[in-house]
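Numbering (the numbering used here), first residue to last: 9 to 97.
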């Protein structure tokens with residue numbers, strides 16, 4: 009997971025501030041490095057997967073809200089994702 013590549017793709021897909029995209033990208037990197045998504049879902053976390061999943065969030069959501077929405081779904085399904093949510097940026 010390349011956080012710079014993810015930040016670029018987040019800007020392209022959702023806009024938002026540079027700070028917000030940077031924080032989400034760092035959280036995604038930390039999540040990928042934890043190995044949890046691969047253990048739970050059977051596949052590594054990729055930039056494409058993150059952007060695709062965040063695209064399912066409610067229309068008009070900001071970048072951090074989209075990230076938290078997706079992680080909330082993972083929390084319900086598997087548990088252990090709350091620590092990767094964005095609480096402030």
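Quick reminder that beta carbons are idealized off the backbone N, C-alpha and C, glycines included.
Keep in mind it's a predicted model, so treat the numbers as computed, not measured.
Handout entry: Exposed unless 16 or more other CB atoms sit within 10 angstroms - verdict on residue 45
Key = One-based indexing of the chain shown puts residue 45 at position 37. Buried: at least 16 other Cβ atoms inside 10 Å.
Practice task
Give the straight-line distance between the Cα atoms of residue 72 and residue 57, rounded to the nearest whole angstrom.
Solution key: Residue numbering aside, residue 72 sits at position 64 when the chain shown is read from its first letter. Residue numbering aside, residue 57 sits at position 49 when the chain shown is read from its first letter. Cα to Cα, the separation comes out at about 16 angstroms.
Exercise for the section: Compute the Euclidean distance between the alpha carbons of residue 94 and residue 48, then round it to the nearest angstrom. Expected result: Sequence index remark: in the chain shown, residue 94 carries index 86 (1-based). Sequence index remark: in the chain shown, residue 48 carries index 40 (1-based). Whole-angstrom Cα-Cα distance: 21 angstroms.
Practice task
Find the nearest neighbour of residue 88 within the set 43, 33 and 27, judged by alpha-carbon distance.
Solution key: Sequence index remark: in the chain shown, residue 88 carries index 80 (1-based). Of the listed residues, the one whose Cα sits closest to residue 88 is 43.
Exercise for the section: Please report the Cβ distance between residue 33 and residue 53, rounded to the nearest whole angstrom; I am assuming they are in contact, meaning their Cβ atoms lie under 8 angstroms. Expected result: As a working mapping, residue 33 is identified with position 25 in the chain shown. As a working mapping, residue 53 is identified with position 45 in the chain shown. That pair is no contact at about 12 angstroms.
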